[in-house]
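Counting from 201, one number per residue, gives the positions in the sequence shown under the working numbering.
For every residue, glycine included, the Cβ atom is placed at its ideal position computed from N, Cα and C.
Below: one structure, written as structure tokens.
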Amino acid sequence: MRELVILGTASQVPTRTRNHNGYFLRWEREGILFDPGEGTQRQMLLAGVPASRITRICLTHVHGDHCFGLPGVLSRMVLDGVAHPVHLHYPASGETVVRALVGLATPGLDLHLHPHGAAGAIAPEIEVEPLRHRIEAYGYRVTEPDGRSFIPERLTAAGITGPDVGRLQREGSLRGVRLEDVSEHRAGRRFAFVMDTAVCDGASALADGADLLVSESTFSDDDADLAERYRHLTAGQAGAMAATGGAGTLVLTHFSSRYDDVGVLAAQARATAGPVDVVAAADLDHVPFPRRRGR
Numbered sequence: 201m202r203e204l205v206i207l208g209t210a211s212q213v214p215t216r217t218r219n220h221n222g223y224f225l226r227w228e229r230e231g232i233l234f235d236p237g238e239g240t241q242r243q244m245l246l247a248g249v250p251a252s253r254i255t256r257i258c259l260t261h262v263h264g265d266h267c268f269g270l271p272g273v274l275s276r277m278v279l280d281g282v283a284h285p286v287h288l289h290y291p292a293s294g295e296t297v298v299r300a301l302v303g304l305a306t307p308g309l310d311l312h313l314h315p316h317g318a319a320g321a322i323a324p325e326i327e328v329e330p331l332r333h334r335i336e337a338y339g340y341r342v343t344e345p346d347g348r349s350f351i352p353e354r355l356t357a358a359g360i361t362g363p364d365v366g367r368l369q370r371e372g373s374l375r376g377v378r379l380e381d382v383s384e385h386r387a388g389r390r391f392a393f394v395m396d397t398a399v400c401d402g403a404s405a406l407a408d409g410a411d412l413l414v415s416e417s418t419f420s421d422d423d424a425d426l427a428e429r430y431r432h433l434t435a436g437q438a439g440a441m442a443a444t445g446g447a448g449t450l451v452l453t454h455f456s457s458r459y460d461d462v463g464v465l466a467a468q469a470r471a472t473a474g475p476v477d478v479v480a481a482a483d484l485d486h487v488p489f490p491r492r493r494g495r
């Protein structure tokens, strides 16, 4: 199962309807929590996300609205008796802050710290790219390995049925029939998480080919000067990034408290996103992963 659960959509200042950041990705056997800001533990309860489901926590950077909920989440995992290893990924320059936050949590969790300081793979199926913010920040991409999809009519014509289908998949050929004769390439699906950044090559690289792209949309296009000053994206810039990268669905979030109506931001993003589906996230939304598409 693949699904994104929105735990919070506020930027630096929460509002009556927007909690600080928090995003939970169900990715098969992995449960990845991104940027847990204040109140994430309670938002998980409201959204139906059990702490025991978390296997990894990924921080883009160590500004408080992206990490101050970490001690509470870790403590809840201890309280719930989580026994499996939990991996925490974060920028290396945030080591002091991360260790302080971890030190506030209740001890007893099998927690593994993984700082990173450059672009590249950080775990199976997960890689990072540097972003352009006021402090060191990285975005994340989760990629399913490529595979092959069987074509039923070709299997039937080749006389491959039942357990022989699995054998053909494992061995690559069977009774003169090759795997590529009865199947087609299946591109792995991609999830990208771009937070707190101005326009940059790293953000574009993450968005490239993403089936589901989560992007900050802190400011309106009318406030582009503020966005550049504080190293954030406008809604139009987020939409353009998604369009250039050929993303499938763009989820906007991290809204400034100055905007009561984020529909305006969604409209600006749609104006530059072309054929990309644009969703303005709301707290506690469950966003299903888009259907597989061809590349």
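Worksheet item: Could you give the distance in angstroms between the alpha-carbon of Val156 and the alpha-carbon of Arg429?
Response: Residue coverage of the chain in this structure runs from 201 to 495, which leaves residue 156 outside it and unanswerable.
Fill in: Between the CA atoms of Leu309 and Met277 - distance to the nearest angstrom
7 Å
Worksheet entry | Helix, strand or coil at Thr296 according to DSSP, with G and I counted as helix | helix
Item to complete: Starting from the C-beta of Ser252, find all residues in its chain whose C-beta is less than 6 Å away, skip the five residues before and the five after it, and write them out in chain order.
Response: Asp280, Val282
Worksheet item: What are the boundary residues of the beta strand (DSSP E) that includes Ala305?
Response: Segment: none, Ala305 is in no beta strand (DSSP E) and carries neither H nor E.
Worksheet item: Between the beta-carbon of Val462 and the beta-carbon of Leu204, is there less than 8 Å?
Response: no
Fill in: His312, buried or exposed, once every other Cβ within 10 Å from all chains shown has been counted against 16
exposed
Practice prompt. Using the Cα positions of Leu433 and Thr418, report the straight-line distance between them to the nearest angstrom.
Written response: 6 Å
Fill in: Backbone CA spacing between Phe350 and Thr449 [nearest angstrom]
26 Å
Worksheet item: Alpha carbon to alpha carbon, how far is Leu301 from Ala403?
Response: 27 Å
Worksheet item: Can you tell which of Gly366, Asp411, Thr356 has its C-alpha closest to the C-alpha of Glu344?
Response: Asp411
Discussion item. Check this for me: beta carbons of Asn219 and Gly231, under 8 Å apart or not?
Written reply: no
Discussion item. Could you give the first and the last residue of the continuous alpha helix (DSSP H) run that contains Arg229?
Written reply: That residue, Arg229, is in no alpha helix (DSSP H); it is neither H nor E in DSSP.
Worksheet item: How close, in whole Å, do the beta carbons of Leu374 and Asp364 come, if the pair is a contact with beta carbons under 8 Å?
Response: 6 Å
Worksheet item: What are the boundary residues of the beta strand (DSSP E) that Arg256 is part of?
Response: 256 to 258
Worksheet item: If you draw a straight line from the C-alpha of Val342 to the C-alpha of Ile254, how long is it?
Response: 15 Å
Worksheet item: In whole angstroms, what separates the C-alpha of Ala481 from that of Asp396?
Response: 16 Å
Item to complete: Would you decide whether Pro307 is buried or exposed? Buried here means 16 or more other CB atoms lie within 10 Å of its CB.
Response: exposed
Item to complete: Kindly identify the DSSP beta-bridge partner or partners of Tyr340.
Response: Val328, Phe393
Fill in: Residues bridged to Ala398 [DSSP beta-bridge criterion]
Arg332
Worksheet entry | Which of helix, strand or coil DSSP assigns to Thr472 | helix
Worksheet item: Among residues of its own chain, excluding the 5 on either side of His333, which ones have a beta-carbon nearer than 7 Å to its beta-carbon?
Response: His261, Asp396, Thr397, Arg431
Discussion item. According to DSSP, is Val278 part of a helix, a strand, or is it coil?
Written reply: helix
Item to complete: Would you mind stating whether Ala469 and Gly445 have Cβ atoms separated by less than 8 Å?
Response: no
Worksheet item: Going by C-alpha distance, which of Asp346, Val399, Gly339 is nearest Gly388?
Response: Asp346
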